[in-house]
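In my numbering, the protein residues as written are 10 to 82.
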Amino acid sequence: MSKKKQPVGVAIDDVTIKGVDGLQLSINDEVIGTVMPLEKGSFEAQIGADRPIKVKTQDEAIEYLIQTYNLHH
């Protein structure tokens with residue numbers, strides 16, 4: 010029997026970490042990761058204490074965080 014699809018609450022909040030402004034992504038009030046800008050216009054996506062992943066755009070970083078969350082939940 011299949012499960013009913015339930016709406017998922019995704020929140021993107023502004024945060025400052027070590028003096029750098031970035032984004033914090035939460036799903037259903039659970040923080041899943043951060044997106045921080047790097048020099049030269051690229052971004053860094055990090056989930057928990059895992060090694061950060063460098064991406065070209067902020068949207069790509071958010072997409073990476075959501076995809077990784079969906080893989081493990």
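Quick reminder that beta carbons are idealized off the backbone N, C-alpha and C, glycines included. These numbers were taken from a predicted model, which means no experiment stands behind them.
> So, residue 52 versus residue 44, is the Cβ gap smaller than 8 Å?
Replying inline: For the purposes of this step, residue 52 is taken as the residue at position 43 of the sequence shown. For the purposes of this step, residue 44 is taken as the residue at position 35 of the sequence shown. Residue 52 is a Cβ neighbour of residue 44, given a cutoff of 8 Å.
> With residue 18 and residue 36 assumed to form a contact (beta carbons below 8 Å), what rounded beta-carbon distance in angstroms separates them?
Replying inline: Stepping through the sequence shown from its first residue, residue 18 is reached at position 9. Stepping through the sequence shown from its first residue, residue 36 is reached at position 27. Going by Cβ atoms, the distance from residue 18 to residue 36 rounds to 7 Å, so yes, they are a contact pair.
>> Can you tell me whether residue 47 is helix, strand or coil according to DSSP?
In response: Residue 47 sits at position 38 when you count from the first residue of the sequence shown. Look at residue 47 here: in three-state DSSP terms it is coil, with no helix or strand label.
> Taking the DSSP output, what are the residues bridged to residue 30?
Replying inline: On the sequence shown, residue 30 is found 21 positions in, with the first residue counted as 1. According to DSSP, which records beta bridges pairwise, residue 30 is partnered with 25.
>> My assumption, with CB atoms under 8 Å, is that residue 78 sits in contact with residue 54. Please give the rounded CB distance.
In response: Taking the first residue of the sequence shown as 1, we reach residue 78 at position 69. Taking the first residue of the sequence shown as 1, we reach residue 54 at position 45. A Cβ-Cβ separation of about 11 Å leaves residue 78 out of contact with residue 54 under the 8 Å criterion.
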